[in-house]
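Below is one structure, written out as structure tokens; comments come after it.
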């Protein structure tokens, strides 16, 4: 499509969505890779914020963190991560979700898998 | 989002939260804002609320970014708060480009409308100014509006052009009125003032009491002018500075009148007229000395001719006159200097502005009070007792009173309206009229050297007028405004 071969089979990320993102930013491959790197770095921060929010029972921080990660995850083809974040965000609308800790753990696990695959994607780009 | 926007050819900045976004909007002029609702510290609604309350920010279009699922109420709320449009989080390039172009076009249209409204307001204000009879194109402040190429610009150009025409005509009319007024004053000063020398010699011939004549003339002048001044407006209590000014003016007036009347005992009226015309050159020198004007070739020429005139006058007097007459000439020389200084003092004095008749009346009263002790002490009081011998004297004194009051009032008016420069022309007009009066009343004619003096002083005065016109009349530029 854009002059490269996709050698790896990715389990958690949908590379077609990454291709769409590249098209959205005008086909700039270098810019795309930079965005992926930024997502990996900032995603780690947001994930950490989410875990901190669970520790401190901060519902606003938890909700914002889930919202931020949800949108970005979708852009980078991490559909499952995005769905998990959407569920947690919806649960935080009115009161502290009972399973907030469990959901945050699931999100953290999924994020680690996504970040790993995106790192591979970068290395093979 | 930033990368997608910049891929479409726009430049963009990113703010990590609401307060930062507002700060950036205040310092940089953004064409558009893409706004997320859920943000740390301040959400999108609060940002929009701030923007609506701020005159600088309220017109920046906002596109709200949202995920459609579950956020529709937020989107609706944002649009009710003034958002231009919304953009789903999952957008493609075409949709992004379309939404951005649409919002920017809408902004441009709004800006054009605002700009048009601003210029319509300017035209309305200009119309209100014209309605208040203020016809001055500079006051209308339509320069920017006239540059527009639409109908509003055309209307503005019509406004400005018509205002300029009317303003020009008004200025022309005012100048003509000013010229007529100045001309009338000069004529008046010449004809009326020029007669005082012939009347002075007549008065001295009747009763050779110069101090007494000066006393009566000034006293009667004050008695006429002060009631007139009181009738015109209430006379205010003078300040200390005003009293000093009036005293000084009284002294200058005496320094004019006493030498003239004293010299009239030995000199003819025409000779006195000729020497008094030196005032024209002295005023020119004083104007230069006080830096009211700068040097020029015309000014230099006027000094040259004036000096030549004075040299001829004194040389002629030395040759043709007796010792008594030469002494009279020497004493008389004080008078033109006193008049010149008095004229400049009228122009420069900063005491409370007085009514002209009040100024004439108080000056002549001051002169009368100052000369009275000397006149009494020296036994120089002229008799005003009616008798067959004194009827003509009383008439002459009465005429001198009227002439003195009228001349002083006209000279003050001329100086107030036109500055000291025209006193030069007044002196020359007095010279010409004075020579005519001397001939009419006494049959006197000047000797040849006297005519030469007068001609040289006249040429000097004309040169001075030329230099004044060169330095005081600004160049007038007209701009033709094309319609259509």
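Chains as they are written, first to last, in our numbering: chain Y, -9 to 115; chain U, 333 to 816.
From the three backbone atoms N, C-alpha and C, an ideal C-beta is built for every residue, glycine too.
Small disclaimer: the values here were computed from a predicted structure and weren't measured.
- Near chain Y, meaning a CB-to-CB distance below 9 Å, the residues of the stretch 410 to 440 of chain U are 421, 422, 423, 424, 425 and 428.
- Proximity of residue 48 of chain Y to chain U, defined by a Cβ-Cβ separation below 9 Å, is not satisfied.
- With contacts defined as CB atoms closer than 9 Å, residue 472 of chain U and residue 456 of chain U fail to qualify as a contacting pair.
- For residue 339 of chain U, the C-beta contacts it makes with chain Y under 9 Å involve 14, 15, 16, 17, 18 and 21, in order along the chain.
- Note on residue 404 of chain U: under 16 other CB atoms within 10 angstroms of its CB, so exposed under the neighbour-count rule.
- If one requires a minimum length of 4 residues, the alpha helix (DSSP H) runs lying completely within the stretch 458 to 510 of chain U are 469 to 472 and 475 to 478, in chain order.
- Taken through DSSP and simplified to helix, strand or coil, residue 591 of chain U comes out as helix.
- In this structure, the CA atom of residue 479 of chain U is about 17 Å from the CA atom of residue 446 of chain U.
- Taking a cut-off of 8 Å on C-beta distances, the stretch 55 to 68 of chain Y touches the stretch 1 to 8 of chain Y, as three or more cross pairs fall below it.
- Beta-bridge partners assigned by DSSP to residue 420 of chain U: U:398.
- Non-local C-beta neighbours of residue 374 of chain U in its own chain, meaning closer than 7 Å and more than five positions away in sequence, comprise 349, 350 and 351, ordered along the chain.
- At a cut-off of 9 Å between beta-carbon atoms, residue 84 of chain Y makes no contact with chain U.
- For residue 731 of chain U, the uninterrupted alpha helix (DSSP H) run begins and ends at 723 to 750, by DSSP.
- Following the DSSP letters along the chain, one finds residue 772 of chain U inside the alpha helix (DSSP H) bounded by residues 754 to 774.
- Here DSSP, grouped into helix, strand and coil, assigns residue 676 of chain U to helix.
- Taking C-beta separations shorter than 6 Å and ignoring five residues to either side along the sequence, the partners of residue 93 of chain Y in its chain run 78, following chain order.
- For the pair residue 483 of chain U and residue 440 of chain U, the Cα-to-Cα distance works out to about 19 Å.
- For residue 366 of chain U, the three-state secondary structure derived from DSSP is strand.
- Residue 101 of chain Y sits close to residue 59 of chain Y, with the two beta carbons spaced by under 9 Å.
- For residue 409 of chain U, the enclosing alpha helix (DSSP H) covers residues 404 to 412.
- Counting only runs of at least 4 residues, the stretch -1 to 33 of chain Y fully encloses the following alpha helix (DSSP H) elements, listed from N- to C-terminal order: 5 to 14.
- Taking CB atoms only, residue 336 of chain U has a neighbour in chain Y less than 9 Å away.
- Rounded to the nearest whole angstrom, the CA to CA distance from residue 741 of chain U to residue 669 of chain U is 19 Å.
- In this structure, the straight-line span from the alpha carbon of residue 588 of chain U to that of residue 667 of chain U is close to 4 Å.
- Look at residue 361 of chain U here: in three-state DSSP terms it is coil, with no helix or strand label.
- Judged by DSSP secondary structure, residue 563 of chain U falls within the alpha helix (DSSP H) whose first and last residues are 542 to 564.
- Excluding its 5 nearest sequence neighbours in each direction, residue 521 of chain U has C-beta neighbours in its own chain below 8 Å: 739, 742, 743, 746, 758, 761 and 762, listed in chain order.
- For the options U:714, U:749, U:647 and U:497, the alpha carbon positioned closest to that of residue 536 of chain U is the one of U:714.
- Annotation for residue 644 of chain U: the continuous alpha helix (DSSP H) segment containing it runs 629 to 652.
- Proximity to residue 675 of chain U across U:659, U:616 and U:783 peaks at U:616, based on C-alpha coordinates.
- Here residue 786 of chain U carries a helix assignment [DSSP, helix/strand/coil].
- Rounded to the nearest whole angstrom, the C-alpha separation of residue 398 of chain U and residue 13 of chain Y is 21 Å.
- In the three-state reduction of the DSSP assignment, residue 427 of chain U falls in the helix class, which pools H, G and I.
- Taken through DSSP and simplified to helix, strand or coil, residue 690 of chain U comes out as helix.
- In terms of Cβ geometry, residue 339 of chain U and residue 16 of chain Y form a close pair [threshold 9 Å].
- Look at residue 781 of chain U here: in three-state DSSP terms it is helix.
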